[in-house]
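Asker: Just dropping this structure here.
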């Protein structure tokens, strides 16, 4: 038996709030480790920050595409207790 929506239901569109993309940061002896959405992990070393940040951007893009996210989706950054913001 086919399902038919009433006119009111067919016109009504409910869009829920997207879950935030979780980014976790842990300190390492020579930089930090960044986990993006549970899919990718990138190590950022103090000696090559620029190159490692370029890798991070690429992995972030991959994660956004694979999870079908938008740039406007919320992001939650969770830092380990020893992360320094110098």
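Residue numbers (our numbering): 1458 to 1543.
Glycine included, C-beta positions come from ideal geometry on N, C-alpha and C.
Taking the beta strand (DSSP E) that residue 1488 belongs to, which residues open and close that run?
Answerer: As a working mapping, residue 1488 is identified with position 31 in the chain shown. Residues 1488 to 1493.
Asker: Do residue 1597 and residue 1536 have their CB atoms nearer than 8 Å?
Answerer: No statement about residue 1597 is possible, as the shown extent of the chain runs from 1458 to 1543 and does not include it.
Asker: Around the C-beta of residue 1506, are 16 or more other C-beta atoms found within 10 angstroms, so that it is buried, or is it exposed?
Answerer: Start at 1 with the first residue of the chain shown, and residue 1506 comes out as number 49. Exposed: under 16 other Cβ atoms inside 10 Å.
Asker: Skipping 5 residues on each side, what residues in its chain have a beta carbon closer than 8 Å to that of residue 1478?
Answerer: Here the question's residue 1478 lines up with position 21 in the chain shown. Here the set comprises 1493, 1494, 1520, 1521, 1524, 1526, 1530, 1531, 1532 and 1533.
Asker: Which whole-angstrom value is the C-beta distance of residue 1502 and residue 1488, which I expect to be below 8 Å?
Answerer: Looking up residue 1502 in the chain shown gives position 45. Looking up residue 1488 in the chain shown gives position 31. Correct: roughly 4 Å between the Cβ atoms.
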